[in-house]
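Reviewing the structure listed below.
Residue numbers (my numbering): 80 to 502.
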């Protein structure tokens with residue numbers, strides 16, 4: 080699972096502050112050990128001098144004066160008793176009448192013993208680690224401030240990310256300006272300008288398409304009225320069918336525009352295969368005897384967007400009829416898939432190339448370009464979350480829509496041709 084930038088920054092901060100704390104601890108400990116070692120050596124030198132004085136004069140007073148001059152003082156009786164308890168009588172039972180060093184933990188004392196009394200002296204001036212602790216505190220503070228500063232810098236990026244997601248989901252009424260004069264502010268301003276331009280172009284496109292569709296509906300409506308007045312029933316039927324087809328094309332154009340702009344709202348419903356084929360047959364407006372569709376399918380049940388799926392099947396059938404030398408196409412079901420096939424030469428390019436808008440082969444004489452049709456098919460199937468595959472077998476081009484059938488309901492009847500029948 081990928082980590083966010085915020086998580087990475089927090090992780091780096093934890094690693095940095097932990098490493099700094101560990102380094103600081105071992106640095107202070109090494110300094111304390113070094114100072115204790117140096118103190119012990121210094122005290123040993125003092126002891127050597129004191130023992131020489133005591134050995135020559137056996138004068139405890141001179142040793143005490145010497146210690147006071149070096150900055151030592153006698154410890155209190157309470158401290159003496161605590162140290163004696165920790166040493167478990169070793170000091171009192173020591174028969175050495177001269178001075179010696181007593182080390183209790185990290186504390187070092189000089190012991191003087193005279194006439195059975197034991198007196199401990201400690202150095203008044205102690206080594207101060209205040210500067211070390213101050214430097215460590217400043218370092219930890221700076222690391223924390225850098226972390227906070229970086230987080231403050233990334234907070235606008237998080238807000239910008241949320242707005243980008245809103246924009247990608249179709250939300251246009253958003254503003255991305257940020258009150259900061261840096262690269263992030265420039266990025267937010269540029270994205271805000273891009274949103275306004277895209278919003279303006281989208282509104283212009285919608286207005287243009289609506290105007291065209293509105294202007295086309297008026298002559299179509301008038302044409303249907305005039306067609307009703309034609310006396311010849313055959314011509315009347317043809318004219319009415321043509322105008323109905325034009326009206327249906329306007330609806331399809333609106334649907335295609337929604338697909339291309341990613342604004343199409345899927346409306347799933349359950350329907351039977353016979354209803355689908357009947358609707359597709361009406362969309363194709365085939366003249367009798369001009370083409371043949373062999374429907375070799377049981378009456379399966381499907382659950383998807385009826386109009387959008389009909390548009391996919393219609394375009395596949397239309398392409399198959401257009402590029403079939405015998406003007407025949409076969410539609411059949413294989414498991415939960417629908418396969419549409421026709422005789423002809425295999426595709427010259429990979430199927431993905433035909434999904435490009437207005438794709439055409441390099442050699443026009445060998446063209447198998449499907450224009451905008453395959454692009455519409457791919458866009459519609461992506462919206463429906465279905466997959467299209469292509470295969471060439473037994474001199475037939477086979478296009479298969481996978482996983483679109485819900486279950487088999489029963490045999491075809493009534494409106495559509497029987498299994499194997501011709502349309």
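Ideal Cβ placement from N, Cα and C applies to all residues, glycine included. Just so you know, these numbers come straight off a predicted model, no measurement behind them.
Taking the Cα of residue 284 as reference, the smallest distance to any Cα among 224, 337, 481, 355 is reached at 337. Taking one beta carbon from each stretch, the segment 455–467 and the segment 408–417 have fewer than 3 pairs nearer than 8 angstroms; the two do not touch. If one requires a minimum length of 4 residues, the alpha helix (DSSP H) runs lying completely within the segment 314–393 are 352–363, in chain order. Around the CB of residue 379, 16 or more other CB atoms lie within 10 Å, so the residue is classed as buried.
Contact annotation: residue 200 and residue 159 have beta-carbon atoms that are not nearer than 8 angstroms. Within the same chain, and ignoring the five residues on either side of residue 453 in sequence, the residues whose Cβ sits closer than 6 angstroms to its Cβ are 433, 434. Look at residue 429 here: in three-state DSSP terms it is coil, with no helix or strand label. Between the alpha carbons of residue 182 and residue 103 lies a distance of about 26 angstroms. Contact between the segment 260–273 and the segment 231–248 is present: 3 or more CB-CB pairs across the two stretches fall below 8 angstroms. Ranking 349, 391, 347 by CA distance to the CA of residue 360 puts 391 first. Residue 484 places its beta carbon 8 angstroms or farther from that of residue 396. Separation of residue 329 and residue 292 (C-alpha to C-alpha, rounded to the nearest whole angstrom) is 6 angstroms.
The beta-carbon separation of residue 478 and residue 467, rounded to 6 angstroms, stays under the 8 angstroms limit for a contact. For residue 256, same chain residues with a beta-carbon under 7 angstroms away, outside a window of 5 residues either side, are 267, 268, 271 in chain order.
Between residue 362 and residue 409, the C-beta gap is not smaller than 8 angstroms, which leaves the two residues out of contact. Across the set 235, 273, 278, 249, the C-alpha of 235 shows the shortest separation from the C-alpha of residue 260. Rounded to whole angstroms, residue 377 and residue 274 show a C-alpha spacing of 49 angstroms. Under the 10 Å beta carbon count, residue 212 is surrounded by fewer than 16 other beta carbons and is classified as exposed. Under the rule that a run must span 3 or more residues, no beta strand (DSSP E) segment is found entirely inside the segment 208–290. A direct Cα-to-Cα measurement between residue 386 and residue 465 gives close to 15 angstroms. Boundaries of the beta strand (DSSP E) harbouring residue 466: 466–472, taken from the DSSP string.
Using a 10 angstroms sphere on the CB of residue 286, the tally of other CB atoms stays under 16, which defines it as exposed. Only exposed fits residue 244, as fewer than 16 other CB atoms lie within 10 angstroms of its CB. About 18 angstroms separates the beta carbons of residue 324 and residue 355, which is beyond the 8 angstroms limit, so they are not a contact pair. Three or more beta-carbon pairs separated by less than 8 angstroms link the segment 219–233 to the segment 84–99, which places the two stretches in contact. Per DSSP, the beta-bridge partners of residue 408 are 372. DSSP places residue 186 in the strand class (E or B) of the three-state scheme. Taking all protein chains in view, the Cβ of residue 106 is surrounded by fewer than 16 other Cβ atoms within 10 Å, so the residue is classified as exposed.
Boundaries cannot be given for residue 154, as no beta strand (DSSP E) includes it and DSSP labels it neither H nor E. Per DSSP, the continuous beta strand (DSSP E) segment holding residue 478 begins and ends at 475–481. Look at residue 201 here: in three-state DSSP terms it is strand.
Annotated three-state conformation of residue 311 is coil, per DSSP. In terms of CA proximity to residue 294, 326 leads the group 310, 326, 425, 278. The Cβ neighbour count for residue 252, taken over all protein chains shown within 10 Å, is under 16; the residue is labelled exposed.
For residue 233, the closest of 263, 210, 321 by C-alpha to C-alpha distance is 263.
Relative to residue 98, the option among 308, 289, 218 whose CA is nearest is 218.
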